[in-house]
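Have a look at the structure below, then the notes.
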Amino acid sequence: MIQFLIRKIPSILLVLFATSIIAFLLPRFAPGDPAQTIAGSDATPEQVDEIRQALGLDQPLWVQYLTWLGGVFRGNLGMSYIFNRPVSDLITTRLESTIELALLASVFMIVIGMGLGILGGSERSKLGRFAVDATNTLLLATPAFLAGLLLIVLFGVTWRLLPVSGEVGLLENPGIGIQYLLLPAFALGLAQAPAISRLLQTTMNTTRGEEFVDLARAKGASPRRIAYRHVLRTSLGAAVVAIGLRVGELFGGAIIIEAIFARNGLGQLAVQAVNSRDYQLVQILIMGAVLIAVLSQLITEIILAALDPRVRLDA
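Offset between the sequence shown (1-based) and this note's numbering: plus 11.
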């Protein structure tokens, strides 16, 4: 397993290096000038130039890139242009909210996706399969923001069971915090679950026709043992890959859900940073999102390698 991980390091470093270039250049290709934003609409050109020089934006791009990258390697993520605070402080204050949302959404996603996938992939009646297929289709056609709005109407306005706006940290008050977290996490996880369900269902149906399953049947294995020991276990690899990919997307989807439920997480911070051309903040947020996706994929491959030794040999 250690050799398997060592072989993954070059590709991970290459992805992060390419991402650092994209994260640096992308905000600069967008229209707008952070110096003008900071100076205000009434500032003179001389005042704007002074701010640009103070921020180092008058330097060549390659100098700005190397300066920024060198700071990242030293643990200095830079200063936010707009908030005038260290980027690391801003991210730290918002990180808890987004992590809580993404983690609980992952739990909902895995439970709903795996549950529907196993139900759809099992040898059930045609009516049962139709119900699972219809549920999957309905969920696939319901984006996260629409699910969030429906949940707000049902559980926040009609029945008034849960709060629909704001947040309380779980570490601060777990009882109240979970009430603020349930609806946005459920909306976010619900939108990602059908992709896992469909993949697991299809893989289980395909696996059921394999020769080793027929052999187990011929040896007299019980339907329950065939379903869980042979079909489900063999099909889990596909579900693990889907979960790994979807966990990375949860952090991207959190931006919209945080806006709908007025949560003060990294998504809201990213929107503010983009609107105000805060290069330093945008760069780190992009790098962080990619790093999470890379780590998620790496964990997925580790789980796959643990389930199937052939993955370790092929890597």
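All C-beta atoms, glycine included, are put in the ideal place defined by N, C-alpha and C. On a predicted model such as this, the values are computed, not experimentally measured, just so you know.
* **Supposed close pair isoleucine 207, arginine 257 - CB separation, criterion 8 Å** => 7 Å
* Note down, in chain order, each residue of its chain lying with its Cβ closer than 6 Å to the Cβ of leucine 292, except the 5 sequence neighbours on either side. => Ser91, Val98 and Ala284
* To do: Express the C-alpha separation of isoleucine 17 and phenylalanine 262 in angstroms, rounding to a whole number.
  => 27 Å
* Quick one, are the C-beta atoms of proline 205 and glycine 159 less than 8 Å apart? -> no
* For proline 185, count neighbouring Cβ atoms within 10 angstroms of its own Cβ and tell me buried if that reaches 16, exposed if not. => exposed
* Assign glutamine 14 to buried or exposed, taking buried as 16 or more other Cβ atoms, counted over all protein chains shown, within 10 Å of its Cβ. => exposed
* alanine 198 to arginine 96 span [Cα, whole Å] -> 33 Å
* Could you give the residue range of the alpha helix (DSSP H) that holds leucine 88? -> Looking at the DSSP string, leucine 88 is not in any alpha helix (DSSP H), and its letter there is neither H nor E.
* **Length of the line joining the Cα atoms of leucine 27 and methionine 298** => 8 Å
* To do: Starting from proline 42, follow its DSSP beta bridges and name the residues at the other end.
  => DSSP, once it has assigned bridges, lists no residue as partnering proline 42.
* **Nearest candidate by alpha-carbon position, reference isoleucine 32, set Ser52, Gly67, Leu80 and Glu178** => Leu80
* Thinking C-alpha only, which one of Glu134, Thr153, Leu172 and Ile254 is nearest arginine 219? -> Glu134
* Bounding residues of the alpha helix (DSSP H) (the contiguous stretch that carries proline 346) -> The requested residue 346 is not part of the displayed model; the chain covers only 12 to 326.
* To do: Taking 8 Å as the threshold, find out whether the region 244–254 comes into contact with the region 107–126 through three or more Cβ pairs.
  => yes
* At which residues does the alpha helix (DSSP H) containing glycine 220 begin and terminate? -> From DSSP, glycine 220 is part of no alpha helix (DSSP H); its letter is neither H nor E.
* Opposing strand residues paired with proline 97 [DSSP bridges] -> Met90
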